[in-house]
Amino acid sequence: MMPTTLPSVNEINKQIEKLCASEEFKSKLLICKLLRYLIKETIEGREDKLKGFTIAIEVFNKDHHFDSDKDPLVRIHAGRLRRMLKMHYAGIGKNDPIRIDIPKGRYIPFFSFNNPSLDEQIGTTIAQNNSTLGPTVVVLPFKNLAGNADKDYFALGLAEELSVELTKFEELTIFGSTPFANQNISEADKNEFIISKGIRFIIDGGVHWAGNKIKLLVKLTDTLKGEQIWADRYTVELTPDNIFEVQEKISSEVSCILGSEYGIILQRLSLESKRVKPKDIDTFDAILKFHYYQACQSPESAMQAFTALQHVLSKENDSGLATAMLAGLHVSLYLLDMPNAAYSLEQLHILSEKAFKLAPNSFMVRLVLAIKYFINNEKDRFLNEVEKCLSMNSKSPLRLGNVGQYLSLYGEWERGKLILDRVMQMNVSYPAYLLGPTTLYYYRKKEYDKALKEANQYDTPFWGPMLKAATLGQLNRLSEAEVSIAHLKQLKPNFENEATYLISRFVKEDELVEHVIEGLKKAGMII
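Counting in my numbering, the sequence shown runs from 1328 upward without gaps.
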C-alpha cells in the first residue's frame, strides 16, 4: 500500500529527469516537453489552467486560433504520454521511488510514492482469500502536509466525514478511518488490517495548506490490482465559518464519484462480473448485473440480471437486497407491459413482502414497497413509504431518482422534480429513464421546447419515442413525429388500441393522460 505522504518537489523533479533519460522517453522530446510542462504548472499551483487550448499554445506552439474541440492534437499526445507512463511503471520503472500518473479525462498529473512490493503482497493475499469482488472500502486518515499538528483536525475530520457519506450506499462495506487515527500506527499494521479484512479499495490523500487556502489530493487504490485507479484535486478557501461546509461538500462529491451505482468502484466490479461464469455467480455478482441493467436498459442485460438474481436466490434465500432487486425487475416487466405482465405483478407482491421481512431497514426494500403501492393506487401508503425512504438519507442516484420519478408521476411534481434535479446535478451518470418524468414536467406546463430537449435524451422503450412523438405533435413538427411514431409502433405494434391503459400505468393524473393522448393525436396517431 502506498504511504499517505506525498513526494516533495525535489523528489518529483528527480523522477522527471529519470523518466526523460530512460530509453522509452529520451528520443520523444515533445512528450518530455509536455510532461515537464504539466508537472511544472501543477507544482506551481496553476493546474486549473491545464486545458487543451493552453497546452496547445505553450507546448505545441499553436496560435490563439487553435480549436481544441476540432483538433485532437493535445488529446492524442496526452493519451500517448499516459500509455508510456503506464508501460514504464509496468516495466523498467517498476521499482522507481516516485510514481507519476495522468488520469484520463484531465491533464493534471498526480504524484505518489511507488511501493510495488507492498501492493503485490496485499493484492496476492486478498486474491488467495477470494476477496476479488467484494466492494470493501477503507478510508485512511488524510495526511496533514502542513507540518503543523494544529491542522490535523481538518485532515482527520475530512476522512471521517467521507466514511459517513460512503455508508449511504448500501452495496458498499465501509471501514472508517477511526482505527488509524493514531498517527503512530505503522504501515505494517495498516497493511495487516487491510489484508485481514479483505479490503479491496483504499481511499486516502493529503492536505496542503497555503495561507487560507487548502489543496486536497484524494486518490483511490485497487489493492487487488496494486494500482491507483482514480485521483483528483480540490482547491478551496477556508474560513473559520465554512470548515464543516467544505468538509461536507468535498466528501459528498467524492462519495458520489466513487460509491454510487454509477461510480468508479461498482463500475470496475461490474466489468469483472461480466466475465463470471453463470455457475460461479454469487449474490454480489447478481447485484452488479442488476445495476448494469439499470444503466443500459437493454433486453439482454435484463435477462442476465433476471437469471442471475433467480439463480442466487434459489441457493441463498436470505438476501433482502437481492430479493428487492428481483422484485424491481418485475416492476419493469409489468409497467412496460412485457409478456406475462400479470405474473410479474403477482411476483412483485410476493417478493416485496419477502424482502421486507428479510431487510426492513434497506432503502431498496422500502422503495420496492412504495412502488407496489404506486401500482396499486394506494397513494397514502405510497407517500408513507416515500417518507421512510427519504428519512434513510441515501445518496444513491438510482434509488433517490426512483423516489423523485414516482413522486412526480403521482402528481407531486415540484417535490419530485427537486429530487430529480439534485440527483442529476450530483451525478455525472444517472439512469436515463429519469428523463421521462422531467420531460412530462415541462410537457404538462405546455413548455414543449423544454420537454423536447429532455425527450431527445430519453431513449427508454416504449416511453422514449412515445413522449417524443407527443411533444413533436404539440409543436406541429409532424415529419419528425412520424419517425418517433414508427419507432413506437415497432416496439408496441398494438399501442394505438391500448394507449390510455398503458400511459395510465405510469401517470396517475387523468388530465395529464389526456394531454399526452392529445399530443399523440396531433402527431398523427389514431387513438
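Glycine residues also receive a C-beta, built at the ideal position from the N, C-alpha and C atoms.
If you run the structure through DSSP and keep just helix, strand and coil, what is Ser1721?
In this structure, Ser1721 counts as coil in the three-state DSSP scheme.
Using only CA atoms, which one of Arg1804, Val1491, Tyr1785 lies nearest to Ala1282?
Summary: the structure shown does not reach residue 1282, with the chain confined to residues 1328 through 1854, and so no result is reported for it.
Please state whether DSSP places Tyr1561 in a helix, a strand or coil.
In the structure shown, Tyr1561 sits in a strand (DSSP, three-state: E or B).
So, for Pro1462: in the same chain, excluding its five sequence neighbours on each side, which residues have a beta-carbon less than 8 Å away from its beta-carbon?
Here the set comprises Glu1498, Leu1499, Thr1500, Arg1527, Phe1528, Ile1592, Leu1593, Leu1596, Phe1611.
I'd like to know whether the C-beta atoms of Ala1649 and Ser1689 end up nearer to each other than 8 Å.
Their beta carbons are not under 8 Å apart, which means Ala1649 does not touch Ser1689 by this criterion.
Contact between the stretch 1570–1590 and the stretch 1385–1394 is defined here as three or more beta-carbon pairs at a separation below 8 Å; is this criterion met?
The answer is no - the stretch 1385–1394 does not touch the stretch 1570–1590, with fewer than three Cβ pairs under 8 Å.
Could you have a look at Gln1624 and say whether DSSP puts it in helix, strand or coil?
Coil at Gln1624, not helix or strand.
Quick check: Thr1787 and Gln1637, are their CB atoms within less than 8 Å of each other?
No, Cβ-Cβ distance for Thr1787 and Gln1637 is not below 8 Å.
Kindly indicate which three-state DSSP category Phe1507 falls into: helix, strand or coil?
Phe1507: helix per DSSP, three-state reduction.
Following the continuous alpha helix (DSSP H) through Leu1547, name the residue where it begins and the one where it ends.
Where Leu1547 is concerned, there is no enclosing alpha helix (DSSP H), although the beta strand (DSSP E) it sits in stretches over 1540–1549.
Just verifying my parser: in three-state terms, what is the DSSP assignment at Lys1470?
Note: Lys1470 maps to strand in three-state DSSP.
Look at Cys1583 and Lys1744 and say whether their C-beta atoms are less than 8 Å apart.
Not in contact: Cys1583 and Lys1744 (Cβ atoms no closer than 8 Å).
Assuming Phe1380 is part of the beta strand (DSSP E), what are its boundary residues?
Per DSSP, Phe1380 belongs to no beta strand (DSSP E); it is in the alpha helix (DSSP H), 1379–1385.
Exposed or buried, Ser1335, counting other C-beta atoms within 10 Å across all chains shown (16 or more means buried)?
Classification of Ser1335: exposed, given that the 10 Å Cβ count is below 16.
Suppose contacts are defined by Cβ-Cβ distances below 8 Å. Is Leu1725 in contact with Glu1825 by that definition?
Cβ distance not < 8 Å, so Leu1725 and Glu1825 don't count as in contact.
Would you mind reading off the limits of the beta strand (DSSP E) that contains Phe1701?
Looking at the DSSP string, Phe1701 is not in any beta strand (DSSP E); the run it does join, the alpha helix (DSSP H), is 1690–1702.
Going straight from the alpha carbon of Gly1379 to that of Tyr1769, what length do you get?
Taking the straight line joining both Cα atoms gives about 36 Å.
Which residues bound the alpha helix (DSSP H) around Phe1683?
Its alpha helix (DSSP H) spans residues 1668–1685.
What's the gap between the Cα of Asn1470 and the Cα of Lys1715?
Correcting the residue identity first, residue 1470 is Lys in this sequence and not Asn. Using only the alpha carbons, I get a separation of about 38 Å.
At 4 residues or longer, and completely inside the stretch 1388–1418: list those alpha helix (DSSP H) runs for me, N to C.
The qualifying runs are 1400–1417.
Between which two residues does the alpha helix (DSSP H) containing Ala1363 stretch?
At residue 1363 the sequence reads Arg, which differs from the Ala that was named. Counting along the chain, the alpha helix (DSSP H) containing Arg1363 begins and ends at 1356–1370.
Where does Gln1631 sit, in a helix, a strand or coil, going by DSSP?
Helix, per DSSP.
Thinking C-alpha only, which one of Gln1817, Leu1662, Thr1548 is nearest Ile1702?
If we check each option's Cα against that of Ile1702, Leu1662 comes out closest.
Applying the 10 Å Cβ sphere with the 16-neighbour rule, what's the burial state of Arg1410?
When all chains shown are included, Arg1410 counts as exposed.
For Asn1441, which of Ala1417, Glu1705, Ile1435 has the nearest alpha-carbon?
It is Ala1417.
What separation, rounded to the nearest whole angstrom, lies between the Cα atoms of Asp1428 and Leu1585?
Near 19 Å, if we compare the C-alpha coordinates of Leu1585 and Asp1428.
Got a sec, what are the start and stop residues for the beta strand (DSSP E) Val1834 sits in?
Premise fails: Val1834 is in no beta strand (DSSP E) and is neither H nor E.
Enumerate in chain order the residues of its own chain whose CB-to-CB distance from Lys1376 is below 7 Å, with the five nearest sequence positions on each side excluded.
The residues are Glu1368.
Determine the DSSP secondary structure at Gln1732, reduced to helix, strand or coil.
If DSSP states are grouped into helix, strand and coil, Gln1732 belongs with the helices.
Let me know the secondary structure DSSP gives Asp1776 once reduced to three states.
Looking at Asp1776 - three-state DSSP - the assignment turns out to be helix.
Rounded C-beta distance between Phe1863 and Lys1835? I'm assuming under 8 Å.
Since the first residue shown for the chain is 1328 and the last is 1854, residue 1863 is missing from the structure and cannot be characterised.
Closer than 7 Å by C-beta to Ser1578: which residues in its own chain qualify, once you throw out the five before and the five after it? Chain order, please.
These residues qualify, in order along the chain: Leu1485, Glu1488, Leu1489, Glu1492.
Tell me the residue span of the alpha helix (DSSP H) that contains Asp1479.
Taken as a continuous stretch (DSSP letters only), the alpha helix (DSSP H) holding Asp1479 covers 1479–1493.
In the DSSP assignment, the alpha helix (DSSP H) including Asp1516 goes from what residue to what residue?
That run of the alpha helix (DSSP H) goes 1514–1523.
Please state whether DSSP places Ser1439 in a helix, a strand or coil.
If DSSP states are grouped into helix, strand and coil, Ser1439 belongs with the strands.
For Ile1556, does the three-state DSSP call read helix, strand or coil?
Note: Ile1556 maps to strand in three-state DSSP.
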